[in-house]
Amino acid sequence: MVDVRGPRFGAWVTTVVLVVVLLTGNGWLLAAQAVVFAVGGLAGLRYAPYGLLFRVLVAPRLGPVSEREAEAPPRFAQLVGLFFALVGAVGYLAGAPVLGAVAAGLALVAALLNAAVGFCLGCELYLLARRVRPVRAA
Amino acid sequence: METTGLVVLLVALALTGLAAWWLRTRSGAVRRPAEEEADVTGSRDTEVLRSLGVRPEDADLTVVQFATAFCAPCRATKARLAQLQTTRPGLAAVHVDAESQLEAVRALDVRRTPTLFYLDRSGRVLGRSSGAPRPDELTAIVDAHAPAVRTS
Chain G
1 MVDVRGPRFG AWVTTVVLVV VLLTGNGWLL AAQAVVFAVG GLAGLRYAPY
51 GLLFRVLVAP RLGPVSEREA EAPPRFAQLV GLFFALVGAV GYLAGAPVLG
101 AVAAGLALVA ALLNAAVGFC LGCELYLLAR RVRPVRAA
Chain B
1001 METTGLVVLL VALALTGLAA WWLRTRSGAV RRPAEEEADV TGSRDTEVLR
1051 SLGVRPEDAD LTVVQFATAF CAPCRATKAR LAQLQTTRPG LAAVHVDAES
1101 QLEAVRALDV RRTPTLFYLD RSGRVLGRSS GAPRPDELTA IVDAHAPAVR
1151 TS
């Protein structure tokens, strides 16, 4: 279980990073964001860089934990973010800036929705993805 | 300053605003089947739900929730239903792991989690909702069919 404010804070940091990526077209910054997503999604939220930032710098200044949530949904969301950040970073660095920008833009929509309204886009789409996969395989 | 990036940024912000508006106003609302199609699709949906072990005749109102492990609002909805059940004995709640029931998910055209189905005692589908249900609307539909018991 994790403090609900942790992933929300992480989503705000991610939003800022992605806005800077779009304004500068910097593929390396997007690659760095991909690494951040990979750590949180693959190693677990306790190792997520923005989560560490939250626990060390932000949480001590806030009140006690009022609400906790399961780790699986926000962790899955990190993997969805990883996919878009990887596509975007490859796009920028391989000389396809439009692909890079569109992928970064989609990641931004998901991050901002999570930050501003607490809505996890990747989590909602999970069932839709599971639904179509076996049909295509058959 | 990247022109492409700036355009994408503005489009992304507009899309996010639109999505947030939709989530606030539409998502989670209970949709009731139209009169003419209620009998056909309703009974078909009921049969699919029955095949999952749902027994509407056991309660005044049966709420079936399709959930996944990655669905945070599903947990909140489950807790809310459990809370409503403490004072409303006519209410039954069934939780289905959507991932392990993909056949039913396709048959019922469940696209998002949570998706809820509301059935009365006769097995009629009163309505369905996708996305976290609005607390007041959930309470209203429960009270309309399985009211709270007064102990006085």
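Going line by line, the protein sequences match chains G and B. Numbering follows this note's numbering, with no gaps: position 92 of the first sequence is 92. To convert, count from 1 in the second sequence and add 1000; that's this note's numbering. Ideal Cβ positions, reconstructed from N, Cα and C, are used throughout, including at glycine. As the structure is a prediction and not an experimental result, all values here were calculated from the model.
Within chain B, partners of residue i - CB distance below 9 angstroms
{"i": "R131 (chain G)", "result": "A1098, L1102, V1105, R1106, V1110 and R1111"}
Within-8 angstroms CB hit, residue i to chain B
{"i": "A101 (chain G)", "result": "yes"}
{"i": "A137 (chain G)", "result": "Residue placement at A137 (chain G) is flagged as unreliable, the pLDDT there being 46, under the threshold of 50; a coordinate-derived value is accordingly withheld."}
{"i": "Y50 (chain G)", "result": "no"}
{"i": "E71 (chain G)", "result": "no"}
{"i": "L128 (chain G)", "result": "yes"}
{"i": "Y13 (chain G)", "result": "This sequence places Val at residue 13 (chain G); Tyr is not what is there. Output row for V13 (chain G): interface = no."}
{"i": "G40 (chain G)", "result": "no"}
{"i": "G105 (chain G)", "result": "yes"}
Closer than 8 angstroms at the beta carbon, the chain B residues around residue i
{"i": "G10 (chain G)", "result": "Those do not exist, as G10 (chain G) stays about 15 angstroms from chain B at its closest Cβ, beyond 8 angstroms."}
{"i": "V109 (chain G)", "result": "A1012, L1015, T1016 and A1019"}
Per-residue contacts from residue i into chain B (C-beta, under 7 angstroms)
{"i": "L57 (chain G)", "result": "Near L57 (chain G) there are no residues of chain B at all, since even the closest Cβ is about 25 angstroms away, more than 7 angstroms."}
{"i": "A116 (chain G)", "result": "A1020"}
{"i": "F119 (chain G)", "result": "L1023"}
{"i": "L113 (chain G)", "result": "T1016, A1019 and A1020"}
{"i": "V19 (chain G)", "result": "L1009"}
Integer Cβ distance of residue i from residue j, believed to fall under 8 angstroms
{"i": "R1055 (chain B)", "j": "G1127 (chain B)", "result": "About 19 angstroms; that fails the 8 angstroms criterion."}
{"i": "C120 (chain G)", "j": "A1072 (chain B)", "result": "6 angstroms"}
{"i": "V65 (chain G)", "j": "D3 (chain G)", "result": "5 angstroms"}
{"i": "D1069 (chain B)", "j": "L127 (chain G)", "result": "The sequence as given places Ala at residue 1069 (chain B); Asp does not occur at that position. That pair is no contact at about 11 angstroms."}
Closer than 7 angstroms at the beta carbon, the chain G residues around residue i
{"i": "R1075 (chain B)", "result": "A70"}
Any chain G beta carbon closer than 8 angstroms to residue i
{"i": "A1069 (chain B)", "result": "yes"}
{"i": "R1134 (chain B)", "result": "no"}
Residues near residue i by beta carbon distance below 7 angstroms, same chain, minus five either side
{"i": "L82 (chain G)", "result": "A34, F37, A38 and G41"}
{"i": "L1108 (chain B)", "result": "D1045 and V1048"}
Under 8 angstroms from the C-beta of residue i: neighbouring residues of chain G
{"i": "E1002 (chain B)", "result": "L22, L23, T24, G25, P97 and A101"}
Contact set between residue i and chain G, taken where Cβ atoms lie within less than 9 angstroms
{"i": "A1072 (chain B)", "result": "V4, E69, A70, A72, P73, P74, G118, C120 and C123"}
Checklist entry - Can you list, in chain order, the residues of the segment 1093-1127 of chain B whose Cβ is nearer than 8 angstroms to any Cβ on chain G? => result A1098, E1099, L1102, V1105, R1106, V1110, R1111, R1112 and T1113
Checklist entry - In the segment 1005-1037 of chain B, which residues sit with their C-beta less than 7 angstroms from some C-beta in chain G, listed in chain order? => result Within the segment 1005-1037 of chain B, the qualifying residues are G1005, L1006, V1008, L1009, V1011, A1012, L1015, T1016, A1019, A1020 and L1023.
Checklist entry - the segment 65-97 of chain G: which residues have C-beta closer than 7 angstroms to a C-beta of chain B, in chain order? => result E69, A70, A72, P73, F76 and P97
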